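Peer 1: This is the structure I have questions about; it appears just below.
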Amino acid sequence: MSNRAKQAPSEREPEMPESDTWSLPRNDPAASGPRQFAHHPARPAPRKTASRDQSEQRAWASFYRHIGDPLVAAEVIRILDDIGEIRAERLGLYLQAKRSLRLHKQRQLQAARIAGALRLLGRAVFVLPVTVPAKLVWRALQFMGNVLLACMPEHAAEPGERRLRDLRKPSTSVGTTDFGPD
Numbered sequence: 033m034s035n036r037a038k039q040a041p042s043e044r045e046p047e048m049p050e051s052d053t054w055s056l057p058r059n060d061p062a063a064s065g066p067r068q069f070a071h072h073p074a075r076p077a078p079r080k081t082a083s084r085d086q087s088e089q090r091a092w093a094s095f096y097r098h099i100g101d102p103l104v105a106a107e108v109i110r111i112l113d114d115i116g117e118i119r120a121e122r123l124g125l126y127l128q129a130k131r132s133l134r135l136h137k138q139r140q141l142q143a144a145r146i147a148g149a150l151r152l153l154g155r156a157v158f159v160l161p162v163t164v165p166a167k168l169v170w171r172a173l174q175f176m177g178n179v180l181l182a183c184m185p186e187h188a189a190e191p192g193e194r195r196l197r198d199l200r201k202p203s204t205s206v207g208t209t210d211f212g213p214d
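Under my numbering, the first residue of the sequence shown carries the number 33, and numbering increases by one thereafter.
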């Protein structure tokens, strides 16, 4: 006889109908409650966390979810720097926050470099085509003005200046001086 037949009827496993299809287990009142797991005797039973502990755990989970935000990362670093014991417990979060701030700073530097390159390109495309010809025209006008000033005849001297020039000329006669009409 098989081992099943030797067991008492109450110890036997319930007979399952042999069929090719899977079916839900029967509604057994004993099986309807929460399943009880055997705990290892050396481990204490899991304690129920108080509502404060649960809300604190939710807050830490929120920090982990939002650590990519530089504002949250900076606040987490500030908190963990103030309280060294928590930093030792949450070292992974601390390192992620540091990484998040470093990546944020790199993104800002890259954005600044891109903005500078775009400003330079904008000046080259829009400003230089207007300003370079304008400067060239201005310099050409200045040069032409200087040339025209150089080509102009000297201004006519005043009668007094002519007379002074004549007086300064050495006279041909030695003893006579010409002081003008008497």
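We put the CB at the ideal spot given by N, CA and C, even for glycine. Because the structure is a prediction, the values reported are computed rather than measured.
Taking the alpha carbon of I99 as the reference point, which residue from D85, H136, I118 has its own alpha carbon closest?
Peer 2: When only C-alpha atoms are compared, the closest one is H136.
Peer 1: According to DSSP, is P102 part of a helix, a strand, or is it coil?
Peer 2: Reduced to three states, the DSSP call for P102 is helix.
Peer 1: Given this structure, state the Cα-to-Cα distance separating A105 from R131, to the nearest angstrom.
Peer 2: Roughly 9 Å separates the two Cα atoms.
Peer 1: Taking only runs of the alpha helix (DSSP H) that begin and end inside the region 102 to 154, which ones reach a length of at least 4 residues, in chain order?
Peer 2: The qualifying runs are 102 to 114, 116 to 121, 123 to 154.
Peer 1: Mapping the DSSP letters down to three states, classify K167 as helix, strand or coil.
Peer 2: K167 falls in the helix class under three-state DSSP.
Peer 1: Do I109 and Y126 have their C-beta atoms within less than 8 Å of each other?
Peer 2: It is a contact, given that the beta carbons lie within the stated cut-off.
Peer 1: Are R122 and L133 closer than 8 Å when you measure CB to CB?
Peer 2: No.
Peer 1: Taking the alpha carbon of Y96 as the point to measure from, which residue in R197, G124, E186, L160 has its own alpha carbon closest?
Peer 2: Of R197, G124, E186, L160, the residue nearest in Cα terms is G124.
Peer 1: What are the boundary residues of the alpha helix (DSSP H) that includes E88?
Peer 2: Note, E88: alpha helix (DSSP H), 83 to 97.
Peer 1: Measure the C-alpha to C-alpha separation of L179 and L199 and round it to an integer number of angstroms.
Peer 2: Looking at the sequence itself, residue 179 is Val, so the reference to Leu does not match. Looking at the two C-alpha atoms, the distance is approximately 34 Å.
Peer 1: At a Cβ threshold of 8 Å, is G148 touching chain B?
Peer 2: Among the chains of the structure shown, chain B does not appear; only one protein chain is present.
Peer 1: What does a CB cutoff of less than 7 Å around P102 pick up in its chain, not counting 5 residues either side in sequence?
Peer 2: Answer for P102: S132, L133, H136, listed in chain order.
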